[in-house]
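Student:
Chains as they are written, first to last, in the numbering used here: chain A, 1 to 352; chain B, 353 to 618.
#1: Identify the contact partners of residue 387(B) in chain A, using a Cβ-Cβ distance below 9 Å as the criterion.
#2: What number of angstroms, rounded off, separates the C-alpha of residue 210(A) from the C-alpha of residue 302(A)?
#3: Below 8 Å, can you find three or more Cβ-Cβ pairs linking the stretch 438 to 457 of chain B to the stretch 532 to 540 of chain B?
#4: By a C-beta neighbour count over all protein chains shown, 10 Å radius and 16 as the cutoff for buried, is residue 336(A) buried or exposed?
#5: Starting from the C-beta of residue 55(A), find all residues in its chain whose C-beta is less than 7 Å away, skip the five residues before and the five after it, and write them out in chain order.
#6: Just to check my reading of the structure: residue 65(A) and residue 270(A) have Cβ atoms closer than 8 Å, yes? What is that Cβ distance to the nearest angstrom?
#7: From the DSSP output, in three-state form, read off residue 164(A) for me.
#8: For residue 134(A), collect the residues of the same chain with a Cβ closer than 6 Å to its Cβ; drop the 5 residues on either side in sequence, then sort them by chain order.
#9: Going by beta-carbon coordinates alone, are residue 360(B) and residue 422(B) separated by less than 8 Å?
#10: Figure out for me which residue from 177(A), 71(A), 84(A) has the closest Cα to the Cα of residue 281(A).
#11: Give the DSSP bridge partners of residue 384(B), in chain order.
#12: Could you work out which residue in 233(A), 96(A), 229(A) is closest to residue 81(A) when comparing CA atoms only?
#13: Reducing DSSP to helix, strand and coil, say where residue 485(B) ends up.
#14: Any contact of the stretch 593 to 601 of chain B with the stretch 561 to 572 of chain B, i.e. 3+ C-beta pairs under 8 Å?
#15: Measure from the alpha carbon of residue 522(B) to the alpha carbon of each residue in 387(B), 609(B), 432(B), 375(B), then state which is nearest.
#16: Measuring only between beta-carbons, confirm whether residue 232(A) sits less than 8 Å from chain B.
#17: Relative to chain A, which residues along the stretch 537 to 560 of chain B have a C-beta separation below 8 Å, given in chain order?
#18: Using Cβ-Cβ distances below 8 Å, what residues of the stretch 591 to 616 of chain B are close to chain A?
#19: Quick check on residue 490(B) - is its C-beta less than 8 Å from some C-beta in chain A?
#20: Can you check whether the CB of residue 449(B) is closer than 8 Å to the CB of residue 579(B)?
#21: Using only alpha-carbon positions, find the residue among 582(B), 384(B), 462(B), 537(B) that is nearest to residue 419(B).
#22: Could you please give the first and the last residue of the uninterrupted alpha helix (DSSP H) stretch that includes residue 219(A)?
#23: Is the beta carbon of residue 314(A) closer than 8 Å to that of residue 70(A)?
#24: Residues of chain A with CB under 7 Å from residue 464(B), in chain order?
#25: Starting from the C-beta of residue 487(B), find all residues in its chain whose C-beta is less than 7 Å away, skip the five residues before and the five after it, and write them out in chain order.
#26: Flag residue 106(A) as yes when its Cβ comes closer than 7 Å to any non-hydrogen atom of the ligand FMN, and as no otherwise.
#27: Looking at the C-beta of residue 338(A), does it have a partner C-beta in chain B at a distance below 8 Å?
#28: Are the CB atoms of residue 511(B) and residue 539(B) within a distance shorter than 8 Å?
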């Protein structure tokens, strides 16, 4: 090894330069590392603690019936939150998920109820339309390089207008669906009733879908690329990831999930209405953020978002059982969001 | 100024590269040669077009005109992936690592290994174990291993350690050429020393290296030949054993004409 003169004393210096070791071991940094390595830890703890607290405040809350009701209430939000998580992981945001969801319900409903199209084809068409709308968002984000917020703010209006036009501003009634295409309501049916709880097929679908996308994100190259793009898009591109193609696929898959969520939503609500699910955009973002996924991308998880949706469900149901007014429920959920974002900032700061 | 490497065919060669950004000419007929088994230093003043040249041969920028040949065969790089597939690995100044992903994930970013059998084929499941073992082997090959956890996020590493991961990644996959852009710019004295040793380690594996740096002592220490870039093109190549540091800087800044034999040698 040749050295410059000024470096001659280096030989006597500590040679452990590039030793990989944990830098600090204080209590706080251990907590921080644990949270960073297991990002779902916090929402999981918050969920358990909040269930216990509401169980004390409103004893009726801890019954299987009420707890399963919470799961039913968050089924659709949870499924759409999975789509939202994928997009937020790439440092994007999707304000159009609600419009995609409802437009897809109308494609399924109209085709099967009004036109008598066989149900599998009607459902496939609804999911295809959802995918197409998502891919359109992705195209604008990846190829035209527009900010996701602006893109989906625009397509929110575009898709909402299409929804109103296609639906003729009319609902499809429950009795019409039951008469012509009863299987559209399947996800709302009870799969099991253990101990007075009601587990719907929709609730099971949410858990299975979350498991599938957890696997995809953790154990496939596509999943790793989603994280890398959200983390540092330039580094991802220089590492040989086809960022444009991956981004478009993320938005398209999100649209597909919304399309599937449309089927579940029909079962949950029992009818199809153009003014349903108008608050789901913000509700899913709330769930994702409370679930520990960073709005800056590259950090977060699918199980976290499902837990986030459940936390919101537990808070609203628990508070209303405790006799608290609606606006204080909103107040509580809003504070949860702020705490979650502050926590994310604290985790990030540790890395810089 | 004789240079024995000139008897060999260049591994990587570029001729007459041109690149404009609007009215700015970043490359104006730039040439480039890299011979087997050498460390080639590339120096030039800020704005001389070094970065654009490097981006062109690593596939990150497509030149407007000119040809690039690898092992005498014409290549056409449109993306960094094209260059990587051809065996050219680049350690970028910003390292191109994903901070929140693990060391193993980062080493295999964009070229992940799938599991064998049905899990890999049908469900496209990644073989985490194999990738981790490989990453650990490569890091210890370069003497970077006293690693506790290969699944540690890159953001928890120090600057020198991150550089080590980026170099290990390039050395592990670069079969033809390894390019390093300012690998010591952000590092302290000891960490710089470690990276310079890494360069020798990679060279001893028989892979030629292109080293871009502003640090003259580093360039003169590890390089076999120095490519001086000025005003968007190669001014000359010089032998660091013959020419002095101050002369190299003078040529680079235009304060001194290159010796005629150095011009002929390009």
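From the three backbone atoms N, C-alpha and C, an ideal C-beta is built for every residue, glycine too. These figures come from a predicted structure and were not determined experimentally.
Tutor: For this structure:
#1: Correct list: empty, because the minimum Cβ distance to chain A is about 21 Å.
#2: 6 Å
#3: yes
#4: buried
#5: 61, 62
#6: Rounded, the Cβ-Cβ distance is 19 Å, inconsistent with contact.
#7: helix
#8: 251, 252, 254, 255
#9: no
#10: 84(A)
#11: 366(B)
#12: 96(A)
#13: helix
#14: yes
#15: 432(B)
#16: yes
#17: 541, 542, 543, 545, 546, 549, 552
#18: none
#19: no
#20: no
#21: 384(B)
#22: 201 to 219
#23: yes
#24: 221, 224
#25: 455, 456, 459, 502
#26: The ligand FMN is not part of this structure, which contains no ligands at all.
#27: no
#28: yes
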